[in-house]
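A.B. asks:
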Amino acid sequence: MTHRERFRAVMRYEEFDRLPIWHWTEWPEVTQEWAEQGLAPDQDRRAFFETDPWPAGVPVNPDLYPTFEFELLEETEEYRIYRQGDGVVCQDWKHRSCIPHYIDYILRDRESWPEYKKRLQPHPDRIAPNIDEVCAALNAGDNPVVITCGGLGGWIRNWMGVENLAYVQMDDPDLFAEMCDTIADLCCWIFDQVLPKVRVDMGWGWEDICGRSGPLISPRLWERCVVPAYGKISSKLREYGCDLYLVDCDGYIDDLVPGWMEGGVNVMFPIEIGVWGADPMAFRRQYGKELRVVGGVDKLAIPKGPAAIDAELERRLPLMRDGGFIPLPDHLIVPGTSVENYRYYFQALKAMQPRVVG
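Per the working numbering, residue -7 is the first one in the sequence shown, and the count goes up by one each step.
Encoded structure:
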């Protein structure tokens, strides 16, 4: 089977010859650790670990356009403070790898929303100038093809910050809904321009709107304000024959999954195991085969070595056999993961495939 045929068969619960074997990426600290172990930073990871290619993307941009102008506001030997392309002022440390400290936001309320809304409108530059050539190559290739669906609550959280998002949920939920609809309408416009040209296997959205204790958005307001926008996007995808819609969201996602599914999302990534003990098989039992999973392998098992890796993969074997599941570490590869242990993870996953399809 080609990579594309295999992906489609797995996600549609059809017969397949084996599961896709995917590598995503690693934290910068891991890149340095691996360099010290002989794996150069510029060496192709998928070639080195002998994995399948990552899905190919359609070159479109539903994000802010034009972006805000970069402004360097302060710089010391330890950090920089600057306004980044989404308008947010942040502090970034030079000698440690961590999430920046976000200081100030342009987007706060209905009064400041037009400055963002005007950057979320249709424009020819949102589509690559060589789109016809790219689409022809994607159609002729053997790799699964995905198209970005942007982010809704997660993007808005990034643009206005957690505190402002909390206020707008309570003070002006209609504004929150309008923001989500604006992004969804832009995605649908992009789809109308490019999906007649290319066969897409899956839409790919992003949220990261949950932490270890649950979502940053009330599930009630999620269903009122965000789910209808998801419905717009999923309906437009289906209009062009794409019936798979993935959302990438870390953290404890359980309270938002019903709304996602109501809005047409049917693939969850990465099902972060976390201290809350997420279980991909529990999602399958609760939602049935309508919910697919990409991820679901505890990344923290890999640094522990072969025995822990074998145990982690073994407990995912029933879901591998069930279909609708592509095993993948549940976030970036963490510091302390040796090249050899990560190589063993792929070897073990490959060795299991006769048991998966047998």
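Glycine included, each C-beta is placed from N, C-alpha and C at the ideal position.
In this text, all values refer to a predicted model and were calculated from it rather than measured experimentally.
(1) For the alpha helix (DSSP H) that contains glutamate 231, what are its first and last residues?
(2) Looking only at its chain, what residues have a beta carbon closer than 7 Å to the beta carbon of alanine 27, apart from the 5 residues adjacent to it on each side?
(3) To the nearest angstrom, how far is the alpha carbon of glycine 287 from that of glutamate 264?
(4) If you draw a straight line from the C-alpha of glutamate 18 to the C-alpha of lysine 291, how long is it?
(5) Threonine 140 bridges to which residues according to DSSP?
(6) Whole angstroms is fine: what's the gap from histidine 115's alpha carbon to aspartate 55's?
(7) Should arginine -2 be labelled buried (16 or more other beta-carbon atoms within 10 Å of its own) or exposed?
(8) Between cysteine 180 and lysine 109, is the Cβ-Cβ spacing less than 9 Å?
(9) Express the C-alpha separation of proline 327 and proline 188 in angstroms, rounding to a whole number.
(10) Considering only their Cβ atoms, is the gap separating valine 138 from valine 192 smaller than 9 Å?
(11) Does the distance from the C-beta atom of leucine 144 to that of alanine 221 stay below 9 Å?
(12) Which whole-angstrom value describes the C-beta separation of glycine 412 and phenylalanine 62, a residue pair presumed to lie in contact below a C-beta threshold of 8 Å?
(13) Do isoleucine 301 and tyrosine 244 have their C-beta atoms closer together than 9 Å?
(14) For glutamate 67 and glutamine 83, I'd like the C-alpha separation in whole angstroms.
(15) In three-state DSSP terms, what is histidine 93?
(16) Leaving out the 5 sequence neighbours to the left and right, which residues in its chain are closer than 6 Å to methionine 171 when beta-carbon positions are compared?
(17) Relative to the alpha-carbon of proline 51, which residue among Pro121, Asp322, Leu112, Arg(-4) has its alpha-carbon at the smallest distance?
(18) Check isoleucine 119 in the structure and name its three-state DSSP category.
(19) When burial is assigned at 16 or more other CB atoms within 10 Å of the CB, is lysine 228 buried or exposed?
(20) Can you give me the start and stop residues for the beta strand (DSSP E) that glycine 287 sits inside?
(21) Can you list, in chain order, the residues of its chain whose CB lies under 6 Å from that of threonine 59, leaving out five sequence neighbours each side?
(22) Report yes if the CB atom of tyrosine 237 is closer than 9 Å to the CB atom of valine 259, and no otherwise.
(23) Would aspartate 177 and arginine -4 be called neighbours here (beta carbons separated by less than 9 Å)?
(24) Report the start-end ranges of each alpha helix (DSSP H) in the segment 157 to 215 that is 4 residues or longer and not cut off at the edges.
(25) With DSSP as the reference, label glutamate 67 as helix, strand or coil.
(26) Residue range of the beta strand (DSSP E) that proline 319 falls in?
(27) Near proline 20, what residues of its chain come up, given a Cβ to Cβ distance below 7 Å and the 5 sequence neighbours on each side ignored?
(28) Less than 9 Å between the C-beta atoms of aspartate 359 and aspartate 96, yes or no?
(29) Which residue's Cα is closest to the Cα of tyrosine 311: Val349, His323, Glu42?
(30) Spatial neighbours of tyrosine 421 within its chain, please: CB distance less than 6 Å, with the 5 preceding and 5 following residues excluded, ordered by chain position.
(31) Just how far apart, CA to CA, sit leucine 324 and aspartate 242?
(32) Taking the alpha-carbon positions, what's the tyrosine 352 to isoleucine 13 distance?
(33) How far does the beta strand (DSSP E) with phenylalanine 353 in it extend, from its first residue to its last?
(34) Tell me the residue span of the beta strand (DSSP E) that contains leucine 238.
(35) For phenylalanine 261, which beta-bridge partners are listed by DSSP?
(36) To the nearest angstrom, how far is it from the Cα of methionine -7 to the Cα of phenylalanine 8?
C.D. replies: Walking through what the data contain:
(1) 219 to 231
(2) Pro33
(3) 8 Å
(4) 11 Å
(5) Trp196
(6) 11 Å
(7) buried
(8) no
(9) 43 Å
(10) yes
(11) yes
(12) With the chain running from -7 to 350 in the structure shown, residue 412 is simply not present.
(13) no
(14) 9 Å
(15) strand
(16) Ile148
(17) Pro121
(18) strand
(19) buried
(20) 284 to 289
(21) Gly77
(22) yes
(23) no
(24) 165 to 186
(25) strand
(26) 317 to 321
(27) Ser89
(28) No statement about residue 359 is possible, as the shown extent of the chain runs from -7 to 350 and does not include it.
(29) Per the sequence presented here, residue 311 reads as leucine, with tyrosine not at that position. Leucine 311 has its Cα closest to that of Val349, out of Val349, His323, Glu42.
(30) Outside the modelled stretch of the chain, which goes from -7 to 350, sits residue 421, for which no answer is possible.
(31) 11 Å
(32) In the structure as shown, the chain begins at -7 and stops at 350. Residue 352 is therefore absent and cannot be evaluated.
(33) Residue 353 falls outside the range modelled here, since the chain spans only -7 to 350, and no answer is possible.
(34) 237 to 240
(35) Asp240
(36) 8 Å
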